[in-house]
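Enquirer: The numbering used here applies: residue 50 is where the sequence shown begins, and numbers increase by one.
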Amino acid sequence: MAVENSAESTEIPGVATSPAETDTSAGSIVGVLPWTNRFDVRQERTTVAVLIPCYNEEKTIAEVVRQFRTELPAAAVYVFDNNSSDQTAALAKKAGATVFHERRQGKGYVTQAMFRQVDAEAYVIVDGDNTYPARAVHRLLEPIFSGDADMVVGSRLHAESQSEFKQLNALGNRLVLRVLNSIFRVKLTDILSGYRAFNRKFVKGLPLFGGGFEIETELTIKAIERGYRIIEIPINLTHRPAGSFSKIKFFRDGVIILNTILSLFRDYKPLTFFGGVGLFLILLAMVPGVLVTMQFFGTGTLSHPSWAVLAVGLGLAGMLLLVAGLILHTIVRRFQEIEHTLQVRSEDLQSNARPEREDAR
């Protein structure tokens, strides 16, 4: 799945991109911005929160905190320690970060806690392993403040990126990417990036349930299916410093991530999921069914009645799955309408409350 290079941006059907970078006539959802730095967030008065999930990152956390405090001196830097057994929390606090502790083990649980506990107008989430460039934060925040995106992803796999990947990790990332792009018909370049920026609407309005490293996959799929605007920014990933080790287990977490993709595919596209399986079973039922029919009309007898039973069973199972898909599709569509209505009313209430607060001042 190639991505346009240079000043051209990638368009993905379904999410709007920045009008300054991409032609939106086709109604795209995801854009890739080129290497620009036209916007300096340090000149903005909007509240920015830098969120850093950590587990045993004493080798790197202090440097990460210092870098982001330098790039965003007006921002609040929060480190969420996830039961580290080393000096991660102490070093983060010494470097100037506000430290929280999340006892539930897993990056997904930490992300849930960060989104729930921190209140800001713009958010940046970055891993604490010092592999993501802090200087790129301005380019990530630019589409958030300009109102062109709800989530901006630092893409490590973009054609303009020069990321330093282990061969096995690069293979796994591209495999998961291909599966997601094929199922949800998008053209993303990186779905597992740990470097992202969000607006408040996204952070406070997106329900998250994943507890582990599948959280980035959940963020991406739910953003796509809920119509949030996504933009990807090319960044360069670097190797971990000496003495720092990755916490991800390639095969175990890879299976969990793929299972998350299929589970969310089932939840958000039940007609496609169950209907596809149902049609497959119906087509499969035709194989023994045709053989039994030809034998019956040719000889007048059934020498293999088990084939007839198999054909009927597969056909009935396929039809049941088709009906289940239709019913679930209707239910999902109805809940989407209810959710949209509640969101519009919530935004109206917030808009009406702002003048009252300003008058009170």
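Idealized CB from N, CA, C, for every residue including glycine. All values derive from a computational prediction rather than experimental measurement.
Check each candidate in G362, N222 and R227 and name the one with the smallest Cα separation from G327.
Expert: Ranking G362, N222 and R227 by Cα distance to G327 puts G362 first.
Enquirer: Rounding to the nearest angstrom, what Cα-Cα distance links G45 and P319 in this structure?
Expert: Residue numbering for the chain in the displayed model covers 50 to 410; residue 45 lies beyond these limits and cannot be assessed.
Enquirer: Would you please state the rounded distance, in angstroms, between the beta carbons of G324 and G364? I believe it to be under 8 Å.
Expert: With 8 Å as the limit, G324 and G364 do not qualify as a contact, their Cβ atoms being about 15 Å apart.
Enquirer: Note down the Cα distance separating T160 from P102, rounded to an integer number of angstroms.
Expert: So the alpha carbons of these two residues sit roughly 7 Å apart.
Enquirer: By the 10 Å Cβ neighbour count, where 16 or more other Cβ atoms means buried, how is G259 classified, buried or exposed?
Expert: So G259 counts as buried.
Enquirer: Start and end of the beta strand (DSSP E) containing S204?
Expert: Where S204 is concerned, the enclosing beta strand (DSSP E) stretches over M200 to S204.
Enquirer: Between which residues of its own chain and L377 is the CB-CB distance below 6 Å, once the five residues before and five after are set aside?
Expert: Around L377: P319.
Enquirer: By alpha-carbon positions, which one of R245, G221, F346 and G347 ends up nearest to F299?
Expert: Of the candidates R245, G221, F346 and G347, the one whose C-alpha sits nearest the C-alpha of F299 is G221.
Enquirer: Classify H207 as helix, strand or coil using the three-state DSSP reduction.
Expert: Residue state, collapsed to three classes: coil.
Enquirer: Can you give me the Cβ contacts of I284 inside the same chain, cut-off strictly under 7 Å, excluding the 5 residues immediately before and after it?
Expert: Here the set comprises Y181, P182, A185, G203, S204, R205, S210 and Y244.
Enquirer: First and last residue of the beta strand (DSSP E) that includes E281?
Expert: That run of the beta strand (DSSP E) goes I279 to P283.
Enquirer: Which residues in the same chain have their Cβ closer than 7 Å to the Cβ of T137, if we skip the five residues on either side of it in sequence?
Expert: The answer, listed in chain order, is C103, N105, E106, E107, I110 and D130.
Enquirer: Anyone know if the C-beta pair for G177 and V128 falls short of 8 Å?
Expert: Their beta carbons are under 8 Å apart, which means G177 touches V128 by this criterion.
Enquirer: N132 and K154 - do their beta-carbons sit closer together than 8 Å?
Expert: Sequence check: residue 154 is Gln here, not Lys. Going by C-beta atoms, Q154 is nearer than 8 Å to N132.
Enquirer: Rounding to the nearest angstrom, what Cα-Cα distance links T238 and R227 in this structure?
Expert: Roughly 9 Å between the two C-alpha positions.
Enquirer: Taking S134 as the reference, give the member of H150, K143 and A146 with the closest Cα.
Expert: With distances taken between Cα atoms, S134 lies closest to H150.
Enquirer: Measure the Cβ-Cβ separation of V113 and Y172 and say whether it is below 8 Å.
Expert: No, the pair does not count as a contact, with Cβ atoms beyond the cut-off.
Enquirer: Rounding to the nearest angstrom, what Cα-Cα distance links I306 and E274 in this structure?
Expert: If you take the alpha carbons of I306 and E274, they lie about 17 Å apart.
Enquirer: Under the DSSP definition of a beta bridge, which residues are partnered with T147?
Expert: Y127.
Enquirer: Buried or exposed: where does M200 fall if 16 or more other Cβ atoms within 10 Å of its Cβ makes it buried?
Expert: Buried, because 16 or more other Cβ atoms sit within 10 Å of the Cβ of M200.
Enquirer: One question on the structure: do S212 and L286 come within less than 8 Å of each other, judged by their Cβ atoms?
Expert: It is a contact, given that the beta carbons lie within the stated cut-off.
Enquirer: What's the call for R278, buried or exposed, on a 16-neighbour Cβ count within 10 Å?
Expert: Buried.
Enquirer: For A373, name the three-state secondary structure that DSSP assigns.
Expert: DSSP places A373 in helix when its eight states are reduced to three.
Enquirer: Going along the chain, which residues of its own chain have a beta-carbon closer than 6 Å to the beta-carbon of F262, five neighbours each way excluded?
Expert: Contacts found: K156, I297 and D302.
Enquirer: Quick one: Cα of G254 to Cα of G276, how far?
Expert: Taking the straight line joining both Cα atoms gives about 12 Å.
Enquirer: Round the Cβ separation of E265 and I240 to the nearest angstrom and send it over; I've been treating them as touching at under 8 Å.
Expert: Contact flag correct, Cβ pair sits at about 6 Å.
Enquirer: Could you tell me which of A360, F329 and D197 sits nearest to L340, measuring between CA atoms?
Expert: Minimum Cα distance to L340 is reached at A360.
Enquirer: In whole angstroms, what separates the C-alpha of R394 from that of Q385?
Expert: Taking the straight line from one Cα to the other gives about 14 Å.
Enquirer: By how many angstroms is the C-alpha of N179 removed from the C-alpha of N218?
Expert: Between N218 and N179, the C-alpha separation is close to 17 Å.
Enquirer: Rounded to the nearest angstrom, what separates D168 and P256 at their Cα positions?
Expert: For D168 and P256, the distance between alpha carbons rounds to 16 Å.
Enquirer: To the nearest angstrom, report how far apart T390 and K271 are at their CA atoms.
Expert: Roughly 18 Å separates the two Cα atoms.
Enquirer: What runs of the alpha helix (DSSP H), each 4 residues or longer, lie entirely inside the segment 284 to 361?
Expert: As far as the segment 284 to 361 is concerned, its whole alpha helix (DSSP H) runs of at least 4 residues are 299 to 317 and 319 to 348.
Enquirer: Which residue or residues does DSSP assign as beta-bridge partners of Y172?
Expert: In the DSSP output, where bridge partners are listed per residue, Y172 has A98 and F247.
Enquirer: When you compare only the Cα positions, how much space is there between F329 and R188?
Expert: Straight-line Cα distance between these residues: approximately 46 Å.
Enquirer: Could you pull the start and end residues of the alpha helix (DSSP H) that V225 belongs to?
Expert: Residues Q216 to F233.
Enquirer: Tell me which residues share the same chain as K250 and place their Cβ nearer than 7 Å to its Cβ, disregarding the 5 neighbours each side in the sequence.
Expert: Excluding residues within five positions, the ones whose Cβ falls inside 7 Å are D199.
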